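Worksheet: one structure, shown below.
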Amino acid sequence: MITEETLQKRIGELAAQMNIDLKGKNVVCLGILNGAFLFAADIFRKLEIPARISFVKLASYQGTKSSGTIKELIGWNEEIKGTTVVVIEDIVDTGHTLERIMAELTMREAAEIKIATAFFKPDAYKSKIPLDYVGFEIPNDFVVGYGLDYDGYGRNIPSIYTLIH
Ligand code: XMP
Ligand code: MG
Numbered sequence: 294m295i296t297e298e299t300l301q302k303r304i305g306e307l308a309a310q311m312n313i314d315l316k317g318k319n320v321v322c323l324g325i326l327n328g329a330f331l332f333a334a335d336i337f338r339k340l341e342i343p344a345r346i347s348f349v350k351l352a353s354y355q356g357t358k359s360s361g362t363i364k365e366l367i368g369w370n371e372e373i374k375g376t377t378v379v380v381i382e383d384i385v386d387t388g389h390t391l392e393r394i395m396a397e398l399t400m401r402e403a404a405e406i407k408i409a410t411a412f413f414k415p416d417a418y419k420s421k422i423p424l425d426y427v428g429f430e431i432p433n434d435f436v437v438g439y440g441l442d443y444d445g446y447g448r449n450i451p452s453i454y455t456l457i458h
């Protein structure tokens, strides 16, 4: 669907824009594991401004019967208060994950929150949170490669493929 070459070129463009927008700010990039680890690394190495990077992970656990599965963000070890946080996501689908992350960052008193995602499915999006840096808008199909997995596999494929059933 998207070749490695096209991907990398677009990442260069996003990073160039971030270098302009984020200059002079106290920047913390926040990668969302597992899927965003490659995108976060590729973006981060192209930043030419002082910036920190940290990663958090959404862990599912069983809540009470009424609340069902609860998703908690784990792995916080960076001071967020007063910083410009750049959330780095692999893919934004419905936006539920993003809503969860935004609530947490607001609670932790981030001064400013920017959202970067490698891929975005506009037809599936249910949120109103604006996305600041979008690599590619894609149709509402399941994709693998470049960090995105199918049952844990495929993250190391350098290009993006659509899964055909
Ligand atoms: P929401 O709906 O919360 O979803 O925006 C975001 C998370 O869902 C996963 N996701 C995918 N994973 N191929 C994948 O490998 C896909 O096409 C896909 N669509 C959504 C992903 O974990 C993402 O963070
Ligand atoms: Mg996945």
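Position 119, counted from 1, in the sequence shown is what this note's numbering calls 412; the numbers after and before it change by one each time, with no gaps. Even glycine gets a Cβ: it sits at the ideal position worked out from N, Cα and C. Please read all numbers here as calculations on a predicted model, not as lab measurements.
| said: Is residue 442 near the ligand XMP - that is, is its Cβ less than 7 Å away from at least one heavy atom of it? | reply: Taking the sequence shown and counting its residues from 1, one reaches residue 442 at position 149. Yes, Cβ of residue 442 sits closer than 7 Å to a heavy atom of the ligand XMP.
| query | Residues in its own chain within less than 7 Å of residue 454 by CB, not counting five upstream and five downstream? | reply | Position 161 of the sequence shown, counting from 1, holds the residue named residue 454. Taken in chain order, the residues that qualify are 294, 436, 437, 438.
| message | One question on the structure: do residue 380 and residue 315 come within less than 8 Å of each other, judged by their Cβ atoms? | response | For the purposes of this step, residue 380 is taken as the residue at position 87 of the sequence shown. For the purposes of this step, residue 315 is taken as the residue at position 22 of the sequence shown. Not a contact, by the Cβ cut-off of 8 Å.
| said: Suppose only complete runs of 3+ residues qualify. What are the beta strand (DSSP E) ranges in the segment 379-433, listed by chain order? | reply: Whole beta strand (DSSP E) segments, 3+ residues: 405-413, 426-430.
| said: Closer than 7 Å to a non-hydrogen atom of the ligand XMP - does that hold for the CB of residue 389? | reply: Locating residue 389 in the sequence shown gives position 96, where the first residue counts as 1. Indeed, a heavy atom of the ligand XMP lies less than 7 Å from the Cβ.
| query | Should residue 407 go down as buried or exposed, given a rule of 16 or more other Cβ atoms within 10 Å for buried? | reply | Here residue 407 refers to the residue found at position 114 of the sequence shown. Per the 10 Å Cβ criterion, buried.
| field | Coarse secondary structure for residue 304, derived from DSSP in three states | value | Here the question's residue 304 lines up with position 11 in the sequence shown. Note: residue 304 maps to helix in three-state DSSP.
| said: For the pair the segment 337-348 and the segment 387-396, tell me if three or more CB-CB distances fall below 8 Å. | reply: No contact exists between the segment 337-348 and the segment 387-396.
| Three-state class that DSSP yields for residue 366 in the structure shown | As a working mapping, residue 366 is identified with position 73 in the sequence shown. Note: residue 366 maps to strand in three-state DSSP.
| Identity of the residues DSSP links to residue 351 by a beta bridge | Counting from one through the sequence shown, the residue named residue 351 turns up at place 58. Per DSSP, 366.
| task | Report the residue from 327, 371, 434 whose alpha carbon sits nearest the alpha carbon of residue 446. | result | If you number the sequence shown from 1, residue 446 lands on position 153. Nearest C-alpha to residue 446: 327.
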